[in-house]
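Protein sequence lines, in the order shown, are assigned to chains A and B.
Going by this note's numbering, the first sequence opens with residue 1275, and the numbers climb by one from there.
Going by this note's numbering, the second sequence opens with residue 166, and the numbers climb by one from there.
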Amino acid sequence: MDNHSANLSRIRTVIRRAKRWDMIFGLTGLLAMMLCVLTLVALFAQMAIDGVPRLSWDFLTSFPSRRPGQAGILSAWVGTVLVMLVTVTAAVPFGVAAGVYLEEYARKNWVTDIIEINVTNLAGVPSIIYGLLALGIFVYGFGFGQSILSAGLTLALLILPVIIVSTREAIRAIPQAVREAAYACGCTTWQLVRDHIVPYSGAGILTGVIIGMARAIGETAPIITIGALTFIAFLPPAPFAGEPPAGLFDWLFAPFTVMPIQMFNWVSRPDPNFHYNAAAAGFILVFMTLAMNGLAIWLRYRLRRNIKW
Amino acid sequence: MSASLAAAAPASLPVTSERLKKKRTRHMKEQVIEALLFFAACVSVFTTVAILYILVSESLVFFEHVPLFDFLTDTQWTPLFADAHYGILPLLSGTLTVAGVGLLVAIPLGTIIAIYLSEFASTRVRETVKPFLELLEGIPTIVYGYFALLFVTPLLQMIFPELPGFNMLSAGLVIGVMIVPYISSVAEDAMRAVPMALREASYATGATRFQTAIKVVTPSAISGIAAAYILGVSRAVGETMVVAVAAGMQPKLTFDPTEGAGTITAYIVQVALGDLPHGEIGYQTIFAAGLVLVLLTLLFNILGYWLRRKFREAY
């Protein structure tokens, strides 16, 4: 009997010790998460404290200046908008087409394998390498120069894998029955893709496009590499402005700057007054990317709930 | 009715060939579309080929001027000075030091968070934290650079007063925090893919959550976790803006994180900002440096692939 109760108490000790480890790890996990979250909250808080006082209508409508109090981000946000326009126009058709091809057309052979491995690997290439690629190909190879067009195409290449992967995921979620029904009615593959696959996966593709764009907006390194200027006090030409040969697309070849580069420029200056400008620009940048990512996540959750095949 | 039949009969032959023609054009249209889509899918392959071509061809010109031996053994990197030295070692030491500090932060934190989210947290916590982590992945890196230079460095200087304004420690720490979400979300996905039956079997033998997590779930998901680490390594090595802002841009052969130094990526940014003329040796140095960076990430990726193969668990 004595032996039995001693055994029991020993077992209880073992259990208690095991449970204590459980609790310790649970607390460690919470702590680790809190550490990350708090660090980031500190980041935002500090940026907001430094930056928000600088935010004003003037800040959005002024060019950069040597005097920190008068400097603004007009050329930066206009540049960002135009570069994003090029990026979307280039990346979406290619990305969606590639995704559709890989899901609906591709046969299982070595060519397809190579393409798939490539898409995966490209996602792991450091973004600055895309900058070197663009410097060699777009800027000097094709002679686009250090222009909005070069920057837009560079970012398009960069986010292509994101769009391809999300397109494929969205397409894979469409049940096989839809395809069988379409083929049974005599549809060709293209008719199936155009009338069913792309419309049904549209929202999923959109999610991927938004995430890709949010990433592209924040990318600095590849754009610095192709030689974006850091101080620009003019806007790209408006369509058809200026002398008669001026066309609709002159702005494509204009020099430019974008928000992250403007911020980089201000952070790198020794004068602390410029740091407030950097904080304000960073605040806007983070707000934009968070809003876009949030929209994408919300879209995805909503979709998962609503689709009943 | 018979009249209409009679009218249709003579015309029936041409109608068939009309249909055949329609079918043929339809088929051709399909083929053209498939070719176009195939071309779009090939853009990614073209990109890879173009990256390799550009890096290698420009580097070849570089290596005509600089012997490979000097490149690999010289301990100074001063390509823009009058007394030019082209030794990649200082850039490599900077890159590896910053990435090392970052991984020392990111791997433990990322793993703990992944285990916590997958094995300990309630569904509600997980569903709130996961989107939040995804949100953090999207924050521009230049913002983290700002954070490293103007928040973390002053903070560290309160603890270590002799710390210089540009140092690899704060850059590395911030990169670490930055890549935690990548590591934790990929590792958590891998752990969630472990079948429930394994956990149930473990609980049935009387194991606690912690024991199950450490001894059953983690080993089963190890290939996915390795993939997460490799992703983290690639990010840390290729990260540009944080180091360009906070680590200083002076290439120095040192592994001491409390010093400032240059990394491969920071050097490329520095040269790109300096408006170097196309075709000069200084211009080609960034391609040689870029080639080293790509080879480095490639090395880690192959290592990761090998690890995944070696430790893959078949349930």
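All residues carry an ideal CB built from backbone N, CA and C; glycine is no exception.
A quick note: this is a predicted structure, and the numbers were derived from the prediction, not measured.
Pull up the distance between the alpha-carbon of F1318 of chain A and that of A206 of chain B, whole angstroms please.
-> 40 Å
Counting contacts by CB-CB distance shorter than 9 Å, is E229 of chain B in contact with chain A?
-> no
Measure the C-alpha to C-alpha separation of G1556 of chain A and V308 of chain B and round it to an integer number of angstroms.
-> 6 Å
In its own chain, which residues sit with a C-beta less than 6 Å from the C-beta of W1540 of chain A, not counting the 5 before and 5 after it?
-> F1548, N1551, A1552
Members of the stretch 1304-1317 of chain A that neighbour chain B once the beta carbon cut-off is set at 9 Å = L1304, L1305, A1306, M1307, L1309, C1310, V1311, T1313, L1314, A1316, L1317
For Y251 of chain B, which beta-bridge partners are listed by DSSP?
-> B:W242
What does a CB cutoff of less than 6 Å around G341 of chain B pick up in its chain, not counting 5 residues either side in sequence?
-> G267, V270, A271
Taking Cβ positions only, does K1382 of chain A come closer than 9 Å to chain B?
-> no
Euclidean distance between Cα positions of G371 of chain B and V402 of chain B = 43 Å
Spatial neighbours of W1572 of chain A within its chain, please: CB distance less than 8 Å, with the 5 preceding and 5 following residues excluded, ordered by chain position.
-> none
May I ask which residues mark the beginning and end of the alpha helix (DSSP H) holding C1310 of chain A?
-> 1276-1325
Coil, strand or helix - D1239 of chain A by DSSP | Chain A is shown from 1275 up to 1583; residue 1239 of chain A falls before or after that span and cannot be answered.
Using 8 Å as the Cβ pair cut-off and three pairs as the minimum, do the stretch 281-296 of chain B and the stretch 368-382 of chain B touch?
-> yes
Unbroken alpha helix (DSSP H) run spanning V1357 of chain A, endpoints = 1348-1374
Report the neighbours of T1463 of chain A on chain B: residues whose CB is nearer than 9 Å to its CB, in chain order.
-> E195, I198, E199
Taking 9 Å as the CB-CB cut-off, is H1470 of chain A touching chain B?
-> no
Of the residues B:V351, B:L225, B:P255, B:H230, the one placed nearest D239 of chain B, counting alpha carbons only | B:P255
If we cut at 9 Å on Cβ distances, does T462 of chain B have a partner in chain A?
-> yes
Outcome for Y251 of chain B when other beta-carbon atoms lying within 10 angstroms are tallied against a minimum of 16 | buried
Three-state class that DSSP yields for C207 of chain B in the structure shown = helix
Quick check: the stretch 208-222 of chain B against the stretch 1386-1399 of chain A, are there 3 or more CB pairs under 8 Å?
-> yes
Ignoring anything shorter than 4 residues or poking outside the stretch 1435-1461 of chain A, list the alpha helix (DSSP H) runs there in chain order.
-> 1450-1458
Count the other C-beta atoms from every protein chain shown that fall within 10 angstroms of the C-beta of W1384 of chain A, then say buried if there are 16 or more, exposed otherwise.
-> exposed
Do you know whose CA, among A:R1446, A:L1431, A:L1334, lies nearest M1533 of chain A's CA?
-> A:L1334
Label A174 of chain B either buried or exposed according to how many other C-beta atoms from any shown protein chain fall within 10 Å of its C-beta, with 16 as the threshold for buried.
-> In this predicted model, A174 of chain B has a pLDDT of only 49, less than 50, meaning its place in the structure is not dependable enough to derive any value.
Closest Cα partner of G1485 of chain A within the set A:S1330, A:R1446, A:M1358 = The sequence given here has Ile at residue 1485 of chain A, not Gly. If we check each option's Cα against that of I1485 of chain A, A:M1358 comes out closest.
The stretch 1341-1359 of chain A touching the stretch 1424-1435 of chain A, judged by at least three CB pairs closer than 8 Å = yes
Excluding the 5 residues preceding and the 5 following A1372 of chain A in the sequence, name in chain order all residues of the same chain whose CB lies nearer than 7 Å to its CB.
-> I1438
Is the beta carbon of M356 of chain B less than 9 Å from the beta carbon of G389 of chain B?
-> yes
State the Cα-Cα distance for the pair Q1420 of chain A and L1559 of chain A, rounded to the nearest angstrom.
-> 23 Å
Quick one, are the C-beta atoms of I278 of chain B and M1537 of chain A less than 9 Å apart?
-> no
Closer than 9 Å to chain A by CB, A205 of chain B = yes
First and last residue of the uninterrupted alpha helix (DSSP H) at Y470 of chain B | 446-476
Is the CB-CB distance between V1483 of chain A and G1369 of chain A below 9 Å?
-> yes
Going along the chain, which residues of its own chain have a beta-carbon closer than 7 Å to the beta-carbon of L460 of chain B, five neighbours each way excluded?
-> none
Residue from B:Q196, B:R473, B:T262 whose Cα sits closest to the Cα of A386 of chain B | B:R473
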